[in-house]
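Residue numbers (the UniProt record's numbering): 1 to 658. Where a beta carbon is used, it is the ideal one built from N, C-alpha and C, also for glycine.
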Amino acid sequence: MLKSSIFIALSAFLVGIFAGDRIDIHWVLTFTIWATLLLTLIILLRFGEQVLFFKKWISWNVIIVLFFSGMLGYQLKMPSSFEQDFNGLYLENDQLIGGIIDYQEGKGDYDKAIVSVQQIVKPHTNIYAQGQLLCYIKTSSENLSEGSVVILQPELQSIKNKNNPGEFDAEKYWKAKGIRTISFLGDENVSELGFVNSFSGFWTNSREYLINIIKEKISEENQGLVVALTLGDKSKLTIEKRNHFANAGAMHVLAVSGMHVGILLGFLQWIFFLIKPLRKRNLYLYFALILIWAFAFLTGMSASVARAVTMFSILAVGQLMGKKFFGLQAIFASALILLILNPLFLFDIGFQLSYLAVLGIAFFYRPIIDLVHFRYKIVNYFWQGTTIGIAAQIGTLPLTLYYFNQFPNYFFLTNIGLIVLAAIALISVVVLFIFHAVPYLNDLLADGVNLIYDTLTNFIKWINSLPGEVSTGFTPSVLQVTLLYLVLGFTFYFWQRRKRKAFRLGILVLFFLGLSLIANREYNKSKEELIVLNHYRKSVLFKTNRKLYFIYDDTYPTTQKSIDFLVRGYENSVGVKAQILPLNKGEELKIIDGVYFQSSEEGWLINYENKRFFLANIINSKHDYSGESIVKGAWNPYLENEKTDLNTTQKALIVKKS
């Protein structure tokens, strides 16, 4: 009964959050409906329980109140609900005063900061304001950090996608964090007014202290990986290392999550249990819980970490109280608690994948583990770990294909290696932190940590060296993802109820759904199209006959990072690796028969499908452009629209083969 009640409450709240995102009504109206329903519920609870007719309505009223609670909670997190939203009050010559609530040092010329706006400074007065601003601040001698109070004069820009195929959906990502504007700031536009010590600032300083220990003791090659695995900060990882972990199916190791919390909790319980006085009244468990919450705050309390510590805490409290409150109850209860605290968690990819992983384990671990039994304990240990990985993969697979378009073919091998390596890697760094001030011992421990992380890196590299290490090009629709989860759920239900025919039918349907994804992938690979990207530099993708070409303007120097930024998402979505082709001024480039590029001072001329597209730098009044479609782009946004035929300043131009 408790399990179903929590699930129904969670479902009502979830649907309410989705409704808040989709239905455009003012939060005041939502609040009015919610308050009326809540008052009705209170009256029913007080006077209606004895009357059968009214008693039936109490449960429905609770569900509806929870629905509108989710809807209202979401709306109140959105900047549009703020009466003093700075986005609507800030004018060109105004300034903003706010506190930095998140600060990350960049590898290039800019650092990233999120500023919580407190005031708008106008010529004759200051006014109270609300909202958060994403800032990229030019690296300077100004020692800014989380907790700094700053005054800045930004040029506000709405966060908008370039609408290039396969690109990262930045607009949706930042909307889920309640942020909709961005600004790039030079030294002259930012000044520090002071510093405010805060709860989060304490954990940020503690994290920086530990990062400095890592920088001092760990080899430069391993520093980024150590910081990512232990503290959840992936900003110091190279693109190559990120790609290696993603292809091996080991990205969950780099994002501090339930696995890390579980390893740390088990280690801490074992350590504290060795201390005899702490065994009384389960004190060892209390101490372990306190420290995993400290670990969660230390790593920035991401959605996946919040899920893990909340769920483990609920399980522990149930254990201490002697209650049978396990499994699905803990999963549903922790999700409801976190969404009440922050409804925007629902749109966090880490939150979604984290819960789908634990649901996959809850549903599919037992059916898989019972398939095979081994005689030796060590073999069973690895089989159990592998089974957890497979069950989690089943739970997350449809959504990972939807978001990332790829499947790591050797994930089971990766999981076998990580069963040992991930635990040793995390615990070794914890031990180094504890003894970092002890001479000689700290150097010995640092050597051990370096050896462990070298082994982990080499293991991931080995997985990447295997043939066909990753399959890309899967692009399931929302409908296909929904169908996959529905069929998975029904198949599990049939297995549980021992309905063999229905179970086999479910497996068959899953097989054909998988085949449809593969068939769609192969079709997309062979489909021919030309794409002029929305980018400040002329850039074109051309796909034909399972080959992909990326042609870019090489007039000015470019970096591999900027090329990857433009190409990698599309590569993953179509399942084809791009051949990179620079095009200099005055050059001609032939791709296949009938498809060629010509570069000149005036722009690029592209011949495709007996059509000619001119990517204009300038319009020459003496030139005859008949038979050519003039394309305007971000490389020259000041061309008059009247003189152009096509525009890529808002989204990419896609020309499909007729």
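Which residues DSSP lists as bridging residue i, in chain order
i, result
"Gln95", "Val121"
"Tyr286", "Paired residues: none, contrary to the question."
"Trp57", "Looking at the DSSP assignment, Trp57 forms no beta bridge with any residue, so it has no partner."
"Gly603", "Ser600, Ala616"
"Glu192", "Val150"
"Val114", "Note on identity: in this sequence residue 114 is Ile, with Val being the wrong assignment. Bridge partners of Ile114: Asp102, Leu134."
"Pro408", "Val470"
"Leu541", "Ile531, Phe550"
"Val631", "Leu615, Leu646"
"residue 662", "Since the first residue of the chain shown is 1 and the last is 658, residue 662 is not available in this structure."
"Tyr608", "Lys611"
"Lys656", "Glu529"
Local conformation of residue i per DSSP, three classes
i, result
"Lys577", "coil"
"Ala19", "helix"
"Val487", "helix"
"Phe310", "Note on identity: in this sequence residue 310 is Thr, with Phe being the wrong assignment. In this structure, Thr310 counts as helix in the three-state DSSP scheme."
"Val227", "helix"
"Met1", "With a pLDDT of only 44 at Met1, under the threshold of 50, the placement of this residue in the model should not be trusted, and no figure is reported."
"Thr400", "helix"
"Arg498", "coil"
"Pro476", "coil"
"Glu642", "helix"
"Tyr556", "coil"
"Ala166", "The sequence as given places Gly at residue 166; Ala does not occur at that position. Coil at Gly166, not helix or strand."
"Glu588", "strand"
"Ser304", "helix"
"Tyr493", "helix"
"Tyr128", "strand"
"Ile213", "helix"
"Gln157", "strand"
"Ile460", "helix"
"Asp564", "helix"
"Thr32", "helix"
"residue 663", "Outside the shown range of the chain (1 to 658) lies residue 663, about which nothing can therefore be said."
"Pro343", "helix"
"Ile275", "coil"
"Tyr233", "One point to set straight first is that residue 233 is Asp, not Tyr, in the sequence displayed. Correct three-state label for Asp233: coil."
"Lys651", "coil"
Nearest residue (CA-CA) to residue i, options the options
i, options, result
"Glu146", "Ser183, Phe86, Phe195, Arg500", "Phe195"
"residue 659", "Leu283, Ala422, Ala12, Thr475", "Given a span of 1 to 658 for the chain in the structure shown, any question on residue 659 remains unanswerable."
"Phe614", "Ser599, Ser621, Trp60", "Ser599"
"Ile337", "Phe459, Thr310, Gly318", "Thr310"
"Arg307", "Ala294, Gln352, Leu278, Ile275", "Gln352"
"Ile580", "Glu602, Thr559, Ser302, Gly586", "Thr559"
"Ile436", "Phe82, Ile213, Ile424, Arg546", "One point to set straight first is that residue 436 is His, not Ile, in the sequence displayed. Of Phe82, Ile213, Ile424, Arg546, the residue nearest in Cα terms is Ile213."
"Pro154", "Asp169, Ala176, Asn126, Glu188", "Glu188"
"residue 667", "Asn405, Ala333, Phe287", "Outside the shown range of the chain, which is 1 to 658, sits residue 667, and nothing can be said about it."
"Leu530", "Lys461, Asn458, Lys656", "Lys656"
"Ser526", "Val540, Gly514, Lys547", "Lys547"
"Val317", "Ala303, Leu285, Phe345, Val305", "Leu285"
"Thr457", "Lys499, Ala248, Lys77", "Ala248"
"Gly592", "Phe82, Gly417, Glu528", "The question names Gly, but residue 592 in the sequence shown is Ile. Ranking the options by Cα distance to Ile592, first place goes to Glu528."
"Ile331", "Phe347, Leu356, Leu346, Gly350", "Leu356"
Within 8 Å, strictly: CB atoms of residue i and residue j
i, j, result
"Phe407", "Ser471", "yes"
"Val261", "Ile292", "yes"
"Ala362", "Leu328", "yes"
"Leu289", "Ser313", "yes"
"Gly448", "Val574", "no"
"residue 723", "Pro343", "For the chain, the structure presents residues 1 to 658; residue 723 sits outside this window and is missing."
"residue 659", "Leu298", "As shown, the chain starts at 1 and ends at 658. That puts residue 659 outside it, with no answer to give."
"Gly224", "Gly300", "no"
"Gly70", "Gly16", "yes"
"Tyr570", "Gly108", "no"
"Ile114", "Gln130", "no"
"Asn163", "Lys543", "no"
"Leu185", "Ile218", "no"
"Thr125", "Leu156", "no"
Beta carbon proximity, residue i to chain D, threshold 8 Å
i, result
"Ala316", "This model lacks chain D altogether, as it is built from one protein chain only."
Near the ligand ZN: residue i beta-carbon under 7 Å from a heavy atom
i, result
"Val150", "For the structure depicted, the ligand ZN is absent and the ligand set is empty, with no information on it obtainable."
Counting Cβ pairs closer than 8 Å, one from the stretch 630-648 and one from the stretch 535-550, do we hit at least three? Contact annotation: the stretch 630-648 touches the stretch 535-550, with at least three C-beta pairs closer than 8 Å.
The stretch 111-124 in contact with the stretch 80-98 per 3-pair CB rule at 8 Å: yes
Touching or not, the stretch 266-279 and the stretch 235-246, by the rule of three or more beta carbon pairs under 8 Å? Flag = no, the stretch 266-279 and the stretch 235-246 do not touch.
Inter-stretch contact at 8 Å, needing at least 3 Cβ pairs: the stretch 423-441 / the stretch 604-614: The stretch 423-441 makes no contact with the stretch 604-614; the number of CB pairs closer than 8 Å stays below 3.
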